[in-house]
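Visitor:
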Amino acid sequence: MNSELTGKTALITGSSRGIGKAIAQALAAEGCDLVISSRKQDALDPAAEEIRSAHGVRVLPFAAHVAEPDQAQSCVDAAVAEFGGIDVLVNNAGTNPYFGPMVDLDMTRAEKTVRVNQTAVVLWTQLAWKASMAERGGTVVNIASVGGMATEPGIGFYNATKAAVLHLTRQFASELAPSVRVNAIAPGIVRTHLARALWEDHEPRLNESLPLGRIGEPEDIANAAVFLAGQQSAWMTGQTIVIDGGALARGKVG
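Read in order, the letters of the sequence shown correspond to residues 18 to 271 in the working numbering.
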């Protein structure tokens with residue numbers, strides 16, 4: 018256990034399943050109290066109970082659409098009211114409603130992708146800063162993607178929003194220093210519901226293509242998030258950790 022995280026409060030968006038839930042579980046194992054958030058309360062409640070039972074920490078499940086300012090504000094307000102502040106913010110929520118060439122992308126789905134993947138990072142970081150971190154400091158961990166560093170057929174616009182997250186990470190790191198550190202994680206293909214179209218029907222081929230021989234698991238990302246949340250990374254800000262099984266080393270996303 019990383020005892021310096023014990024008693025801290027972490028807010029994780031998109032945390033009822035997948036990478037977000039794994040990060041919540043990993044931070045809880047270090048003694049963090051949690052606010053977990055996603056769109057559906059009926060998905061959050063069992064996740065919260067599972068984490069409480071496993072780790073004995075306090076968990077507030079709060080349903081909020083990540084891209085709706087009023088709902089985001091309510092979630093942050095509830096976190097401060099319940100725990101006194103926010104020490105760790107993990108901007109994890111993401112969406113990819115379109116798979117195909119960008120020349121055929123309709124603007125409705127483009128706007129949704131930007132709002133959830135990109136604008137929401139700005140929104141939640143602003144809210145956490147104003148409600149808590151400006152006074153007491155903290156850390157922000159943004160979940161980006163290796164897709165933000167390379168081209169890939171079918172997911173070009175999603176990747177563009179993740180490239181924006183990489184820049185937002187550097188920009189916020191510059192603006193919020195020294196009291197708040199802001200870093201990012203760029204996962205490769207991870208076994209999640211969101212990414213299932215990329216791995217579900219051809220996992221053996223993907224495994225063979227990766228230097229480390231397998232696709233990622235949510236826990237691979239969660240371990241890095243714990244590192245970035247705590248003081249073991251105290252002299253890091255504005256940086257991105259790539260966790261992709263070696264995909265970029267071979268010049269590809271997956």
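The beta carbon of each residue, even a glycine, is placed where N, CA and C say it ideally should be. From a predicted model like this one, the values you see are computed outputs, not experimental measurements.
Would you check if the distance between the CB atom of Val105 and the CB atom of Lys25 is smaller than 8 angstroms?
Guide: Numbered from its first residue, the sequence shown carries residue 105 at position 88. Numbered from its first residue, the sequence shown carries residue 25 at position 8. Cβ atoms of Val105 and Lys25: closer than 8 angstroms.
Visitor: Given a cut-off of 8 angstroms, decide if Ala96 and Pro78 are closer than it, judged by their beta-carbon atoms.
Guide: As a first step, residue 78 must be located in the sequence shown, where it is residue number 61. As a first step, residue 96 must be located in the sequence shown, where it is residue number 79. Going by C-beta atoms, Pro78 is not nearer than 8 angstroms to Ala96.
Visitor: Per DSSP, what kind of secondary structure is Ala161 in: helix, strand or coil?
Guide: Position 144 of the sequence shown, counting from 1, holds the residue named residue 161. Reduced to three states, the DSSP call for Ala161 is coil.
Visitor: Run through the DSSP bridge pairs and tell me what Phe79 is partnered with.
Guide: Stepping through the sequence shown from its first residue, residue 79 is reached at position 62. Per DSSP, Ser54.
Visitor: Would you give the residue range spanned by the beta strand (DSSP E) that Ile258 belongs to?
Guide: Translated into the one-based positions of the sequence shown, residue 258 becomes position 241. That run of the beta strand (DSSP E) goes Thr257 to Ile260.
Visitor: Using alpha carbons as the reference points, say which of Gly233, Ile29, Phe244 and Asn134 lies closest to Ile260.
Guide: The sequence position of residue 260 within the sequence shown is 243, counting from 1. The option with the nearest alpha carbon to Ile260 is Gly233.
Visitor: From Glu47 to Gly35, what does the alpha carbon distance come to, in whole angstroms?
Guide: The count along the sequence shown starts at 1 and reaches residue 47 at position 30. The count along the sequence shown starts at 1 and reaches residue 35 at position 18. Cα-Cα distance, rounded: 19 angstroms.
Visitor: With 16 as the cutoff for other CB atoms within 10 Å, does Ala194 come out buried or exposed?
Guide: Within the sequence shown, the letter at position 177 stands for residue 194. That one is exposed.
Visitor: Does the Cβ-Cβ distance between Ser70 and Gly31 come in under 8 angstroms?
Guide: If you number the sequence shown from 1, residue 70 lands on position 53. If you number the sequence shown from 1, residue 31 lands on position 14. No, Cβ-Cβ distance for Ser70 and Gly31 is not below 8 angstroms.
Visitor: Flag this pair as yes or no: are the beta carbons of Phe189 and Val199 separated by less than 8 angstroms?
Guide: Here residue 189 is taken as the residue at index 172 of the sequence shown, counted from 1. Here residue 199 is taken as the residue at index 182 of the sequence shown, counted from 1. Going by C-beta atoms, Phe189 is nearer than 8 angstroms to Val199.
Visitor: Can you tell me whether Val120 is buried or exposed? The criterion is at least 16 other CB atoms within 10 Å of its CB, across all chains shown.
Guide: The count along the sequence shown starts at 1 and reaches residue 120 at position 103. Counting Cβ neighbours within 10 Å, Val120 comes out exposed, since fewer than 16 surround it.
Visitor: If you measure between the beta carbons of Ile202 and Ile238, is that distance less than 8 angstroms?
Guide: Start at 1 with the first residue of the sequence shown, and residue 202 comes out as number 185. Start at 1 with the first residue of the sequence shown, and residue 238 comes out as number 221. Yes.
Visitor: Secondary structure at Gly35, three-state DSSP: helix, strand or coil?
Guide: Taking the first residue of the sequence shown as 1, we reach residue 35 at position 18. It is helical.
Visitor: Can you tell me which of the three DSSP states Arg69 falls into?
Guide: Residue mapping note: residue 69 aligns to position 52 of the sequence shown, counting from 1. Three-state result, Arg69: helix.
Visitor: In this structure, does DSSP put Ala194 in helix, strand or coil?
Guide: Here the question's residue 194 lines up with position 177 in the sequence shown. Coil at Ala194, not helix or strand.
Visitor: Can you give the Cα-Cα distance for Val243 and Glu128, rounded to whole angstroms?
Guide: For the purposes of this step, residue 243 is taken as the residue at position 226 of the sequence shown. For the purposes of this step, residue 128 is taken as the residue at position 111 of the sequence shown. Taking the straight line joining both Cα atoms gives about 31 angstroms.
Visitor: Taking the C-alpha atoms as reference points, what is the distance between Ser191 and Lys179?
Guide: For the purposes of this step, residue 191 is identified with residue 174 of the sequence shown, where counting begins at 1. For the purposes of this step, residue 179 is identified with residue 162 of the sequence shown, where counting begins at 1. One C-alpha to the other measures close to 19 angstroms.
Visitor: Identify, in the order they occur along the chain, each residue of the same chain with its Cβ nearer than 6 angstroms to the Cβ of Leu185, setting aside the five sequence neighbours on each side.
Guide: The count along the sequence shown starts at 1 and reaches residue 185 at position 168. The answer, listed in chain order, is Val138.
Visitor: When the Cα atoms are used, what is the spatial distance from Phe116 to Thr209?
Guide: For this step, residue 116 is matched to residue 99 along the sequence shown. For this step, residue 209 is matched to residue 192 along the sequence shown. So the two alpha carbons sit approximately 16 angstroms from each other.
Visitor: Grouping DSSP H, G and I as helix and E and B as strand, with all else coil, what is Thr7?
Guide: The structure shown does not extend to residue 7, since the chain is modelled only from 18 to 271, so the question has no answer here.
Visitor: Rounded to whole angstroms, what's the CA-CA distance from Lys57 to Ala80? Just pull it up for me.
Guide: On the sequence shown, residue 57 is found 40 positions in, with the first residue counted as 1. On the sequence shown, residue 80 is found 63 positions in, with the first residue counted as 1. Taking the straight line joining both Cα atoms gives about 6 angstroms.
Visitor: How about the region 252 to 266 and the region 151 to 168: do they share at least three Cβ pairs that are nearer than 8 angstroms?
Guide: Yes: at least three Cβ pairs fall under 8 angstroms.
Visitor: Going by beta-carbon coordinates alone, are Asn113 and Leu223 separated by less than 8 angstroms?
Guide: Along the sequence shown, read from residue 1 onward, the residue named residue 113 stands at position 96. Along the sequence shown, read from residue 1 onward, the residue named residue 223 stands at position 206. The answer is no: Cβ separation not under 8 angstroms.
Visitor: So what does DSSP say about Ala203, is it helix, strand or coil?
Guide: Here residue 203 is taken as the residue at index 186 of the sequence shown, counted from 1. Correct three-state label for Ala203: strand.
Visitor: Could you check what DSSP says for Gly155 in three-state terms: helix, strand or coil?
Guide: Working through the sequence shown from its first residue, we reach residue 155 at position 138. In this structure, Gly155 counts as strand in the three-state DSSP scheme.
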